[in-house]
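Remarks on the structure that follows.
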Amino acid sequence: MKNIFIRFVVISLAITTFSCSDGEDGIDGVDGVNGFNEGLEYLVFAGDITDDEAAQIALENKGKKTHTVLVINTTNLTTLNLSGISGLIRLEVRDNENLQSLSLPDLESVVEDIEVYSNSALSTLNFENLGTINSLFVEGNTALTSINLGAMTTVTRLDFEVNPALETLSFPALTTLERLNIETSENLSNLDISNLETAGTLSIEKTMLSQINFPGLQTLGGLFIEDNENLQTINIPSVTNTPEDGASFTIEDNVNLTTVSLGSLNKLDRLSVEDNENLTSFEANSVVTITDNFSLDNNPRLLTFAMPNLVTCNSRISVRQSNLTTIRFDSLETVEGGINFSENPELVALEFPNLSTTSGITILENQKLTTVQFDGLVTMGTSLTISNNPALESLSFSGLTTLGTPDIRNFLSITNNSLINSVNFSSLTTLNGGCSITGNSALVSISFPSLTTVTGSDTFTDLRINNNTSITSIAFPSLETLTSIRNLEISENLLENVDFSNLSTFDRLTINSSVLLTSVNLSSVVDFTSIDILGIGGLSTPVIDQILARLVSITPAITGKRIRLRGDLSAQGATDRDTLVANGNSVSIF
12 MKNIFIRFVV ISLAITTFSC SDGEDGIDGV DGVNGFNEGL EYLVFAGDIT DDEAAQIALE
72 NKGKKTHTVL VINTTNLTTL NLSGISGLIR LEVRDNENLQ SLSLPDLESV VEDIEVYSNS
132 ALSTLNFENL GTINSLFVEG NTALTSINLG AMTTVTRLDF EVNPALETLS FPALTTLERL
192 NIETSENLSN LDISNLETAG TLSIEKTMLS QINFPGLQTL GGLFIEDNEN LQTINIPSVT
252 NTPEDGASFT IEDNVNLTTV SLGSLNKLDR LSVEDNENLT SFEANSVVTI TDNFSLDNNP
312 RLLTFAMPNL VTCNSRISVR QSNLTTIRFD SLETVEGGIN FSENPELVAL EFPNLSTTSG
372 ITILENQKLT TVQFDGLVTM GTSLTISNNP ALESLSFSGL TTLGTPDIRN FLSITNNSLI
432 NSVNFSSLTT LNGGCSITGN SALVSISFPS LTTVTGSDTF TDLRINNNTS ITSIAFPSLE
492 TLTSIRNLEI SENLLENVDF SNLSTFDRLT INSSVLLTSV NLSSVVDFTS IDILGIGGLS
552 TPVIDQILAR LVSITPAITG KRIRLRGDLS AQGATDRDTL VANGNSVSIF
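Structure follows, in structure tokens:
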């Protein structure tokens, strides 16, 4: 034997600072007076120790006092069996280049951790009677194929990372778990946790699992499922208990995933279902509340979506790049962080019949979308953008009274929806932000009958209506004040009638039309910087006369204003022009 006594003395010296001795005058370690028959507190296996030497050391030095086992940096050790040890505080097995098998068949509990790291030849771990443990870390064991944890019932944390040969993980007795992390185990195809009832966070990434099913799970804090190329179904049927803010779910980059069912889950924190290119069905029928973001993005084959009982989302909802034809939230009342529906090529109808409050709405590049309905919406905190939906015909926000929040840059934008012919904002009274309605070629008229106030966030905010090639009439009959709006600009080819009959205060007004403007009502104007109506169609003479007559009638008399109009003056119009010039205004009639 290779002088085992000398090497054992070296190991013992290395750990004397950690172990203690009961005896005072024992010498040979056999009569028990020095405590060796009860075992060393620390067992260390290191260096070039062989299987036989390790077995002898274990036989002579393990005992009921043994609480820590270290197997570190061995070069010759291939098999280690530490039977007879029922309880430990800690076990560390690290960087053993030839260790193939480790067994602690009688181990029942570990107070702290088991760490099994970077053992390149290790193929078998046996903890067949281990019932309770704080944490188990198994990482970087490239040959590991078998782990026996059949008796485990309770654990705080299980962590399996970079064990590429591992095919099966089975925890048939496990009922309670704080955290499970499985990552980069590319051949793992079987996971059995069928009796799990309570879990904190479950994270599964880069495996070959075809299904993730937790049939008995009732309490859950979070689920993170990412980049599992063989995964087809996720089923969580029984969860009813979650943290105060709800369970957090991330389901991303699972290329063959087809079905997600969240069963009885009624409260979510963050829900992200993204980049699952073959996902066809997603249902969360029992979810009532989402306390953070809900993102259903880039699932291009998604055909079925169900969340019929969702009432509140405290942050943002996003559905992008799906294959859905209809998106309807029957029960949804509040979305605090805004709504985004973009690039859904098959989407035809978007309906929120009971939504009353949201931060903002973006509806963008949905090629087949024909109907958008938000008739229950009353207030919107930021912006509304509806753009590049070429099949959209009607747009209804008939209950909306307030759009935008003061002192925040907000916007109402309806652009490049080539078939839209109706815009209904019949109840809107206050717009806090700018407005752009442009490029809607089928739109014939625009009316905001109740809008009284438009307030921008800064002097760079504009209200623009242009390039809607079919518009003949624009009416804002109740609008009184434009505040912090730099430009009120209207440029339309067929425009004939403009109604700003109650508008008293604005900065710059520009109106252009390619046909004759037969009605421009500015009968309440009091304060402004400039008025430019210079379109090639010009103004009829009665319209010019009405505008000049109103400007002359303002008291006290206006001065320092710029007025430029295109058309022919009557004699009275010429007199009014001269009066305005005499009062210090710049007036040009082309």
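Counting in this note's numbering, the sequence shown runs from 12 upward without gaps. Quick reminder that beta carbons are idealized off the backbone N, C-alpha and C, glycines included.
Here Ile496 carries a coil assignment [DSSP, helix/strand/coil]. Annotation for Arg588: no beta strand (DSSP E) segment contains it, though the alpha helix (DSSP H) segment containing it runs 582-593. Leaving aside the five residues that flank Val389 on each side, the residues in its chain whose CB is nearer than 7 angstroms to its CB run, in chain order, Ser367, Thr368, Gly410, Leu411, Thr412. Per DSSP, reduced to three states, the secondary structure at Ser564 is helical.
Beta-bridge partners of Gln222 (DSSP): Thr244. In this structure, DSSP gives Gln384 an extended state, which the three-state scheme calls strand.
When the alpha-carbon of Ile350 is set against those of Pro356, Glu357, Val359, Arg331, the nearest one is in Arg331. Annotation for Phe316: Phe293, Leu335 place their beta carbon closer than 6 angstroms to its own, counting only its chain and skipping 5 residues before and after. Of the other Cβ atoms in all chains shown, 16 or more fall within 10 Å of the Cβ of Gly415; this residue is therefore buried. Cβ-Cβ distances below 8 angstroms link Pro311 to Glu288, Gln332, Ser333, Asn334 in the same chain, with the five nearest sequence neighbours on each side left out; the list follows chain order.
Nearest to Ser458 by alpha-carbon distance, out of Asn443, Ser438, Ser452, is Ser438. Short of 6 angstroms from the beta carbon of Ile215, and not among the five residues preceding or following it, lie these beta carbons of its own chain, in chain order: Ile193, Ile236. Closest in alpha carbon position to Ile397, among Asn451, Thr441, Asn224, Arg339, is Asn451. Straight-line measurement puts the Cα of Thr393 at about 45 angstroms from the Cα of Ala593. In this structure Asn435 does not touch Leu454 by the C-beta definition: roughly 12 angstroms separates them, more than the 8 angstroms allowed. Close CB contacts of Glu189 within its chain, under the 7 angstroms cut and outside five residues either way in sequence, are with Thr167, Arg168, Gly211 (chain order). Check the Cα spacing between Ser530 and each of Val173, Gly549, Thr291, Ser495: the tightest is with Gly549.
Counting along the chain, Leu70 sits inside the alpha helix (DSSP H) bounded by residues 62-72.
Each of Thr61, Ser489, Glu357 was checked against the Cα of Leu314, and the nearest Cα belongs to Glu357.
Distances from the alpha-carbon of Leu403 to those of Gly387, Lys75, Leu395, Val383 put Val383 closest. Counting along the chain, Glu126 sits inside the beta strand (DSSP E) bounded by residues 120-128. Per DSSP, the unbroken beta strand (DSSP E) holding Gly445 starts and ends at 445-449. Note on the segment 291-340: whole beta strand (DSSP E) runs with a minimum of 3 residues are 292-294, 305-310, 315-317, 328-333, 337-339, in chain order. Under the 10 Å beta carbon count, Ser157 is surrounded by fewer than 16 other beta carbons and is classified as exposed. As DSSP reads the structure, Gly98 sits in a beta bridge with Ser120. Taking the CA atoms as reference points, Phe56 sits about 34 angstroms from Leu213. Collapsing the DSSP output to three states places Glu285 in a strand. Between Glu263 and Asp280, the C-beta spacing is not below 7 angstroms. Taken in chain order, the complete beta strand (DSSP E) segments of 3 residues or longer contained in the segment 381-426 are 382-384, 395-398, 405-407, 422-426.
Rounded to whole angstroms, Asn267 and Asn355 show a C-alpha spacing of 20 angstroms. Pairing Leu113 with Val104 gives a Cβ-Cβ distance under 7 angstroms. By DSSP's assignment, Val537 forms no beta bridge with any residue. A straight-line Cα-Cα distance of about 42 angstroms links Asn252 and Gln111.
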